[in-house]
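*Asks:* Each residue of the first sequence is one higher than the one before, starting from 0 at the first, in numbering that gives the first Met the number 0.
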Amino acid sequence: MQPANDEIAQLFENLGALLEMKGDSVFKIRAYRRAAETIRQLTFPLAQAVHDGRKLTGIPGIGKAISDKIHELVTTGKVQTYERTRAELPAGALDLLAIPGIGPKTAMLIGAELGISSVEGVEQAAADGRLAALPRMGQRAADSILRHIRATRSMGGRTPIGDALPAAEAVIAALRERGPETALLTPAGSLRRWEETIGDVDLVAVTPNPEELGRALTALPQVRETLVNGPRKTSVILSLDRPSKAQDDSAPGLQIDLRTGEPGAIGAMLQYFTGSQQHNIRLRDFANRMGLSLNEYGITGIESGQMETFADEAAFYARLGLPWIPPELRAGMWELEAAQQGRLPQLVEARHLRGDLHIHSDWSDGSDPIETMIEAAAALGYEYMALTDHSQGLGVANGLTPERLAAQKQVLGELQQRFGLRILAGSEVDIRADGRMDFPDEVLAGLDVVVASVHNAMSQDSPTMTRRIIRAMEHPSVTIIGHLSTRLLGQRPPTDFDLETVLQAALETGTALEINASPARLDLRDTHAYRAREMGIPLVINTDSHHHSELPGGRFGVAVARRAWCEPRHILNTLPLSEFLRFIQTPKPGRLRIFQAAGAAPSGGNV
DNA sequence: GCCGTTTTCGGCCCGACTGTTTTCAGTCG
Numbered sequence: 000m001q002p003a004n005d006e007i008a009q010l011f012e013n014l015g016a017l018l019e020m021k022g023d024s025v026f027k028i029r030a031y032r033r034a035a036e037t038i039r040q041l042t043f044p045l046a047q048a049v050h051d052g053r054k055l056t057g058i059p060g061i062g063k064a065i066s067d068k069i070h071e072l073v074t075t076g077k078v079q080t081y082e083r084t085r086a087e088l089p090a091g092a093l094d095l096l097a098i099p100g101i102g103p104k105t106a107m108l109i110g111a112e113l114g115i116s117s118v119e120g121v122e123q124a125a126a127d128g129r130l131a132a133l134p135r136m137g138q139r140a141a142d143s144i145l146r147h148i149r150a151t152r153s154m155g156g157r158t159p160i161g162d163a164l165p166a167a168e169a170v171i172a173a174l175r176e177r178g179p180e181t182a183l184l185t186p187a188g189s190l191r192r193w194e195e196t197i198g199d200v201d202l203v204a205v206t207p208n209p210e211e212l213g214r215a216l217t218a219l220p221q222v223r224e225t226l227v228n229g230p231r232k233t234s235v236i237l238s239l240d241r242p243s244k245a246q247d248d249s250a251p252g253l254q255i256d257l258r259t260g261e262p263g264a265i266g267a268m269l270q271y272f273t274g275s276q277q278h279n280i281r282l283r284d285f286a287n288r289m290g291l292s293l294n295e296y297g298i299t300g301i302e303s304g305q306m307e308t309f310a311d312e313a314a315f316y317a318r319l320g321l322p323w324i325p326p327e328l329r330a331g332m333w334e335l336e337a338a339q340q341g342r343l344p345q346l347v348e349a350r351h352l353r354g355d356l357h358i359h360s361d362w363s364d365g366s367d368p369i370e371t372m373i374e375a376a377a378a379l380g381y382e383y384m385a386l387t388d389h390s391q392g393l394g395v396a397n398g399l400t401p402e403r404l405a406a407q408k409q410v411l412g413e414l415q416q417r418f419g420l421r422i423l424a425g426s427e428v429d430i431r432a433d434g435r436m437d438f439p440d441e442v443l444a445g446l447d448v449v450v451a452s453v454h455n456a457m458s459q460d461s462p463t464m465t466r467r468i469i470r471a472m473e474h475p476s477v478t479i480i481g482h483l484s485t486r487l488l489g490q491r492p493p494t495d496f497d498l499e500t501v502l503q504a505a506l507e508t509g510t511a512l513e514i515n516a517s518p519a520r521l522d523l524r525d526t527h528a529y530r531a532r533e534m535g536i537p538l539v540i541n542t543d544s545h546h547h548s549e550l551p552g553g554r555f556g557v558a559v560a561r562r563a564w565c566e567p568r569h570i571l572n573t574l575p576l577s578e579f580l581r582f583i584q585t586p587k588p589g590r591l592r593i594f595q596a597a598g599a600a601p602s603g604g605n606v
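Spelled out as structure tokens, the structure:
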């Protein structure tokens with residue numbers, strides 16, 4: 000079993016933490032952390048790259064030493080340096096670092112003085128006074144740690160963006176209504192970068208009355224607890240209505256950090272709090288080499304000591320000789336080089352979408368009649384849509400038999416007369432456990448759009464699942480593979496399959512891949528979409544709507560595509576109706592040329 | 001340990017906050 004990128008990243012993350020406890024060079028530690036962060040965001044499996052003999056040292060933050068350690072891990076299953084370092088330190092010390100407020104120094108102290116190596120042990124020691132008795136600790140510090148342990152337990156980790164964004168938008172709307180006048184009140188941080196899960200929600204505001212805005216935030220009805228209420232920063236914890244975690248008995252919470260700045264200087268603050276941390280570190284390094292120093296208030300000449308302020312982000316980046324970089328690209332990967340060289344993509348936007356190709360009605364498990372769904376698509380100004388109710392095998396979803404499907408086609412034909420947009424006959428067809436389709440070939444051949452999806456036997460091993468998906472792609476009638484990994488954020492892990500092999504098959508068969516925009520799925524995920532885009536595979540942003548209110552919900556899928564550096568030309572459903580029809584009417588795999596003629600030739604990898 | 005339109009050596013992002021402290025260490029983002 001080859002180590003996945005996340006496991007390799009975790010090893011370097013841990014190695015950095017261990018060296019920090021030992022008091023090793025902070026620069027070496029930072030280098031390991033940076034490498035870990037980079038590896039997490041890679042769009043190809045490192046282990047495979049090692050086997051293929053590809054050079055790893057061109058990847059940002061990976062030099063000879065770390066490249067050698069990756070080779071060692073992939074070929075031997077271990078890294079000697081890591082094993083040795085871990086053996087030198089108290090067992091369990093790494094677990095203590097997960098407690099907010101406990102860093103490497105405190106973890107070492109607790110391990111050495113009290114022999115404690117678990118979160119529960121620290122909680123006990125904080126409660127019975129042993130923690131407070133340690134040097135450089137005290138009752139207040141021990142109480143703070145105890146509070147943090149209990150808070151972390153009740154928060155339940157990172158929040159899916161589908162829960163965090165509506166909560167943040169509700170807070171912003173409420174503050175606009177009840178708070179003082181604000182010239183700006185906007186999300187920053189991971190929410191503004193549209194990451195799939197959010198730690199804390201960062202809000203940045205410009206207002207003549209910061210204290211009043213802070214007070215208004217603490218007074219909102221959904222606020223459970225106020226952590227900080229200072230002149231420039233207010234932090235609260237919201238009670239979160241999280242239907243996706245309904246089975247959890249702990250009440251989930253979401254921390255909101257609100258910061259206020261001066262109108263003429265908000266550019267630097269918004270940039271700073273949008274991050275990512277890796278992006279900011281690289282940007283500051285870049286600025287240093289220009290003789291400039293960055294902070295959240297402005298840009299300072301290192302020689303002159305003079306600080307300049309900026310009214311918006313574009314002016315801030317312009318002072319560094321760079322174009323404005325969209326937040327979704329600020330990952331600390333390749334975006335600075337692309338910005339310098341004028342190669343930033345013109346990212347796809349929701350307004351570019353001309354159709355939705357994955358829509359359910361009450362004929363299967365949707366909750367609205369077909370007409371209601373069509374009206375909702377027409378209201379968005381779409382040129383086309385595909386109705387794709389489930390196939391017969393999905394009994395729990397009231398899947399359609401071939402007979403009901405034929406009847407539905409008839410209905411669609413009649414409805415077509417009443418609407419301006421083109422209504423395509425489709426189905427979301429089950430990919431059976433062996434890769435066969437859940438409808439006979441002649442039924443599938445009569446449809447305009449076939450979305451083939453895995454809905455059962457999700458625990459198959461990787462070779463089986465890989466073969467199963469590829470067999471579906473090889474079917475001449477399959478237009479799109481739906482929600483490739485079947486994951487549900489925070490609830491169900493992705494299935495196990497060989498991504499590179501599957502993507503290669505998509506390309507060879509001319510099968511499109513769906514970016515499922517349902518915030519519970521976000522599937523393809525960003526890094527997989529990035530790789531697919533690089534290879535020239537047609538991508539489709541679909542809502543998988545089961546209710547008319549979900550049709551305008553494509554924004555989460557658009558965000559995934561933007562994080563994958565997609566331009567409109569990479570997204571199949573930005574094509575005008577005539578070209579889209581030409582695509583689906585041209586047999587596979589030749590239809591790929593229609594898509595690529597529209598501008599989406601493979602772009603080649605970065606490594 | 002990484003990196004280079006000053007450099008293959010000598011730098012390496014920056015500030016806020018907290019709590020324990022008489023000048024700062026540790027942690028966080």
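Using N, Cα and C, we set each Cβ at its ideal position, and we do this for glycine too.
1) Which residue comes first and which comes last in the beta strand (DSSP E) that contains histidine 357?
2) Roughly how many whole angstroms lie between the Cα atoms of glutamine 246 and isoleucine 593?
3) Residue ranges of each alpha helix (DSSP H) run of no fewer than 4 residues wholly in the region 176-210, ordered along the chain?
4) Inspect the beta-carbon positions of aspartate 433 and serine 461 and report whether they are closer than 7 Å.
5) What does a CB cutoff of less than 6 Å around arginine 149 pick up in its chain, not counting 5 residues either side in sequence?
6) Taking the alpha helix (DSSP H) that leucine 506 belongs to, which residues open and close that run?
7) Buried or exposed for glycine 213, going by 16 or more other Cβ atoms inside 10 Å?
8) Taking all protein chains shown into account, do 16 or more other C-beta atoms lie within 10 angstroms of the C-beta of glutamate 441, making it buried, or fewer, making it exposed?
9) Put leucine 219 into one of helix, strand or coil per three-state DSSP.
10) If I'm right that leucine 487 touches alanine 516 with Cβ under 8 Å, what's the distance once you round it to whole angstroms?
11) Taking the continuous alpha helix (DSSP H) assigned at arginine 342, which residues delimit it?
12) Please determine, among Gly398, Leu346, Gly354, Gly392, the residue with the shortest C-alpha to C-alpha distance to aspartate 364.
13) What is the C-beta distance between valine 222 and leucine 356, in whole angstroms, given that I count them as a contact (C-beta under 8 Å)?
14) Output the distance between the C-alpha atoms of proline 242 and isoleucine 298, rounded to the nearest integer angstrom.
15) Name the two residues that bound the continuous alpha helix (DSSP H) containing methionine 472.
16) Could you work out which residue in Glu413, Arg421, His351, Ile430 is closest to histidine 389 when comparing CA atoms only?
17) Rounded to whole angstroms, what's the CA-CA distance from threonine 273 to serine 189? Just pull it up for me.
18) Give a yes or no on whether the C-beta atoms belonging to valine 235 and threonine 217 are separated by under 7 Å.
19) Determine the direct distance from the alpha carbon of leucine 523 to that of glycine 489, and round the result to whole angstroms.
20) Taking the beta strand (DSSP E) that tyrosine 383 belongs to, which residues open and close that run?
21) DSSP three-state label for serine 254, please.
22) Would you call aspartate 367 buried or exposed, if buried means 16 or more other Cβ atoms sit within 10 Å of its Cβ?
23) Since valine 428 and leucine 443 should fall inside the 8 Å C-beta cutoff, what is the C-beta to C-beta distance between them, to a whole number of angstroms?
24) Kindly indicate the opening and closing residues of the beta strand (DSSP E) around glutamate 513.
25) Under DSSP, the beta strand (DSSP E) around arginine 520 begins and ends at which residues?
26) My guess is that alanine 349 and leucine 343 are in contact by the Cβ rule of under 8 Å, so how many angstroms apart are they, rounded?
27) Going by C-alpha distance, which of Ser426, Val347, Gly589, Arg417 is nearest leucine 386?
28) To the nearest whole angstrom, what separates the beta carbons of threonine 259 and arginine 288, a pair I think is in contact under 8 Å?
29) One question on the structure: do glycine 252 and methionine 154 come within less than 7 Å of each other, judged by their Cβ atoms?
30) Taking all protein chains shown into account, do 16 or more other C-beta atoms lie within 10 angstroms of the C-beta of aspartate 284, making it buried, or fewer, making it exposed?
31) Around the C-beta of serine 303, are 16 or more other C-beta atoms found within 10 angstroms, so that it is buried, or is it exposed?
32) For valine 107 and methionine 20, which I take to be in contact (beta-carbon distance under 8 Å), what is that distance rounded to the nearest angstrom?
33) Do the CB positions of isoleucine 479 and alanine 511 come within less than 7 Å of each other?
34) Have a look at the DSSP bridge pairing and note the partners of isoleucine 430.
35) Less than 8 Å between C-beta atoms, sequence neighbours within five positions excluded: which residues of the same chain meet that for leucine 319?
36) Evaluate threonine 400 with the Cβ neighbour count: other Cβ atoms within 10 Å of its Cβ, from every protein chain shown; 16 or more gives buried, anything less gives exposed.
*Replies:* So, to answer that:
1) 354-358
2) Residue placement at glutamine 246 is flagged as unreliable, the pLDDT there being 38, under the threshold of 50; a coordinate-derived value is accordingly withheld.
3) 188-191
4) no
5) none
6) 498-508
7) buried
8) exposed
9) coil
10) Not quite, the Cβ-Cβ distance comes to about 14 Å (not below 8 Å), so this is no contact.
11) No alpha helix (DSSP H) contains arginine 342, which DSSP labels as neither H nor E.
12) Gly398
13) Not quite, the Cβ-Cβ distance comes to about 41 Å (not below 8 Å), so this is no contact.
14) With a pLDDT of 49 at proline 242, under the threshold of 50, the predicted position of this residue should be treated as unreliable, though the coordinate-derived value follows. If you take the alpha carbons of proline 242 and isoleucine 298, they lie about 44 Å apart.
15) 461-473
16) Ile430
17) 7 Å
18) yes
19) 15 Å
20) 383-386
21) The residue asked about is misnamed: residue 254 is glutamine in this sequence, not serine. Three-state result, glutamine 254: strand.
22) buried
23) 7 Å
24) 511-515
25) Arginine 520 -> no beta strand (DSSP E), and no H or E assigned at all.
26) At roughly 19 Å, the Cβ-Cβ gap does not stay under 8 Å, so alanine 349 and leucine 343 are not in contact.
27) Ser426
28) Contact flag wrong, Cβ pair sits at about 32 Å.
29) yes
30) exposed
31) exposed
32) The residue asked about is misnamed: residue 107 is methionine in this sequence, not valine. Indeed they touch by this definition, with Cβ atoms about 5 Å apart.
33) yes
34) Met436
35) Leu282, Phe285, Ala286, Met289, Leu291, Ile298
36) exposed
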